[in-house]
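Residue 261 in the numbering used here is what sits at position 258 of the sequence shown, and the numbering runs on without skipping anything.
Backbone N, C-alpha and C fix where the C-beta goes; we use that ideal spot for every residue, glycine too.
For clarity, every value in this text was computed on a predicted model and none was experimentally measured.
Have a look at the structure below, then the notes.
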Amino acid sequence: MIIPHDIPPIQPPEFHLDIGPPKWKEVENTVRRARAASAPGPNGIPYKLYKNAPDVLRFLWRLMRIVWQKQGQWMRWEGVERRKISWRDLWEMEASKISFIIRATYDILPSPKNLHQWFGEDPSCALCPTPATLKHIMTGCKTSLTQGRYTWQHNQVLKSLASALENKRRVTNALPLRATNPLKETTFVREGQKRPKHPSTKPETGHLCMARDWKMLDDVSQQLIFPAEIASTNLRPDMVFWSPSLKTAYIIELTVPWENSIKEAYERKKLRYAELAAEAKQRGWNTKVYPVEVGCRGFVASSTIRLLKELGIHGQALRQTIRSVSEAAERSSQWLWLKRKDPCWAPRTSR
Ligand SMILES: [Zn+2]
Numbered sequence: 004m005i006i007p008h009d010i011p012p013i014q015p016p017e018f019h020l021d022i023g024p025p026k027w028k029e030v031e032n033t034v035r036r037a038r039a040a041s042a043p044g045p046n047g048i049p050y051k052l053y054k055n056a057p058d059v060l061r062f063l064w065r066l067m068r069i070v071w072q073k074q075g076q077w078m079r080w081e082g083v084e085r086r087k088i089s090w091r092d093l094w095e096m097e098a099s100k101i102s103f104i105i106r107a108t109y110d111i112l113p114s115p116k117n118l119h120q121w122f123g124e125d126p127s128c129a130l131c132p133t134p135a136t137l138k139h140i141m142t143g144c145k146t147s148l149t150q151g152r153y154t155w156q157h158n159q160v161l162k163s164l165a166s167a168l169e170n171k172r173r174v175t176n177a178l179p180l181r182a183t184n185p186l187k188e189t190t191f192v193r194e195g196q197k198r199p200k201h202p203s204t205k206p207e208t209g210h211l212c213m214a215r216d217w218k219m220l221d222d223v224s225q226q227l228i229f230p231a232e233i234a235s236t237n238l239r240p241d242m243v244f245w246s247p248s249l250k251t252a253y254i255i256e257l258t259v260p261w262e263n264s265i266k267e268a269y270e271r272k273k274l275r276y277a278e279l280a281a282e283a284k285q286r287g288w289n290t291k292v293y294p295v296e297v298g299c300r301g302f303v304a305s306s307t308i309r310l311l312k313e314l315g316i317h318g319q320a321l322r323q324t325i326r327s328v329s330e331a332a333e334r335s336s337q338w339l340w341l342k343r344k345d346p347c348w349a350p351r352t353s354r
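Printed below as a string of structure tokens:
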């Protein structure tokens, strides 16, 4: 679906919506106001029970608060694209995968910290002496970090992203060079005629169409050495995408963070490459630093989609790329989860 350009932007809400869990007072008042014979809610528990067993009511309220707080978490994620999972996707997914994604998203997997909260078990991480939340297992464990678990996950996602970019690069370089920027071209329409809905040839979009000598380096296939023609540095971004004739370079850095930390990861990476970008600019290069993120639970950040669109990846190709990077993050996270108690680290080899 294409959203027409003349739709006015949506204004931020005037009234703050309270999305906090219900307060005890609210629950108490609701129960007091209802008649004992009122029709029960979806759970079928009659009001009579709530009225006569305040301890049960309080217990249920506490449980509800835990679930509410966990569920509300994803509403506070910033810079994350809304995820579209179709019925077909669900149909084709293995049951264990669906269950993992949902439980990871709501943070209700049996992590030591959750088991501690639910049943009073030892909350420690099996690999280090820290209380192990899901966030700790996925992104924060020092032992996992030294063992290279997170680097492995990062590279799984990077491989998937790099392959989409490499594909776009090859296709672009093979096209005949356009004399002008098609973005600025005007289509003339005769009076009384409508603008054609679908142009006969799909115009090449994005900034790549101005050159046919695009080069790309990524840090997965070989250790990246930053191209000396752009700037001299010891920094090793995840990808460099550049055109010598245009003197344009994209410095791309991928992070696979906990979804709540996407914005923070973006700012940190932007800062890391600021000096390098400035040096390249001084040498006459139009340089863009692109920190991109794919959350460890498969939620793709807006920054990633911005990059793909800027490089002219749209429509079906865009959806495919989003899906493949998202799946790479999910699959590797599931593996990190399965290996959470195993002190020996071995990357997943199949698929
Ligand atoms: Zn740990």
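Look at Ala304 and Gly82 and say whether their C-beta atoms are less than 8 Å apart.
Yes, Cβ-Cβ distance for Ala304 and Gly82 is below 8 Å.
So is the beta-carbon of His119 under 7 Å away from any non-hydrogen atom of ligand 1?
Remark: the shortest separation between the CB of His119 and any heavy atom of ligand 1 does not fall under 7 Å.
In three-state DSSP terms, what is Val259?
Reduced to three states, the DSSP call for Val259 is coil.
Reducing DSSP to helix, strand and coil, say where Ile359 ends up.
Within the shown structure, residues of the chain are numbered from 4 to 354, placing residue 359 beyond reach of any answer.
Cα-Cα, which of Trp80, Ala98, His139 and Thr136 is closest to Glu296?
The residue with the shortest Cα to Cα distance from Glu296 is Trp80.
Quick check on this structure: which residue in Thr33, Leu66 and Trp64 has the alpha carbon closest to the alpha carbon of Tyr50?
Comparing Cα positions, the closest option is Thr33.
So which of Pro25, His210, Arg61 and Ser114 has the shortest CA-CA distance to Lys344?
Checking every option, the nearest Cα to that of Lys344 belongs to Ser114.
For Met96 and Tyr53, what's the separation of their Cα atoms in angstroms?
One alpha carbon belongs to Met96, the other to Tyr53, and they sit about 40 Å apart.
Less than 8 Å between the beta carbons of Tyr410 and Lys218, yes or no?
Since the displayed the chain opens at 4 and closes at 354, residue 410 lies outside it and no answer follows.
Please name the residue in Ile255, Ser329, Pro57 and Lys266 whose C-alpha comes closest to that of Trp245.
It is Ile255.
Let me check one thing: in DSSP terms, what residues is Asp221 bridge-paired to?
For Asp221, which the question treats as bridged, DSSP gives the partners Met242.
How is Ile22 classed by DSSP in three states: helix, strand or coil?
Reduced to three states, the DSSP call for Ile22 is coil.
Are the segment 332-351 and the segment 153-163 touching by the rule of at least three beta carbon pairs closer than 8 Å?
A contact exists between the segment 332-351 and the segment 153-163.
Count the other CB atoms within 10 Å of the CB of Ile10; is the residue buried (16 or more) or exposed (fewer)?
With fewer than 16 Cβ atoms within 10 Å of its Cβ, Ile10 is classed as exposed.
According to DSSP, is Lys291 helix, strand or coil?
Correct three-state label for Lys291: strand.
Delimiting residues of the alpha helix (DSSP H) encompassing Pro247:
Here Pro247 belongs to no alpha helix (DSSP H), and DSSP marks it neither H nor E.
Please name the residue, chosen from Lys100, Leu164 and Thr146, that lies closest to Pro294 on a Cα-to-Cα basis.
Of Lys100, Leu164 and Thr146, the residue nearest in Cα terms is Leu164.
Using a Cβ-based criterion (distance less than 7 Å to any ligand heavy atom), does Ala283 qualify as near ligand 1?
Incorrect: Ala283 has no Cβ contact closer than 7 Å to ligand 1.
Could you spell out the range, first to last residue, of the alpha helix (DSSP H) harbouring Arg152?
Segment Arg152 to Ala177, the alpha helix (DSSP H) holding Arg152.
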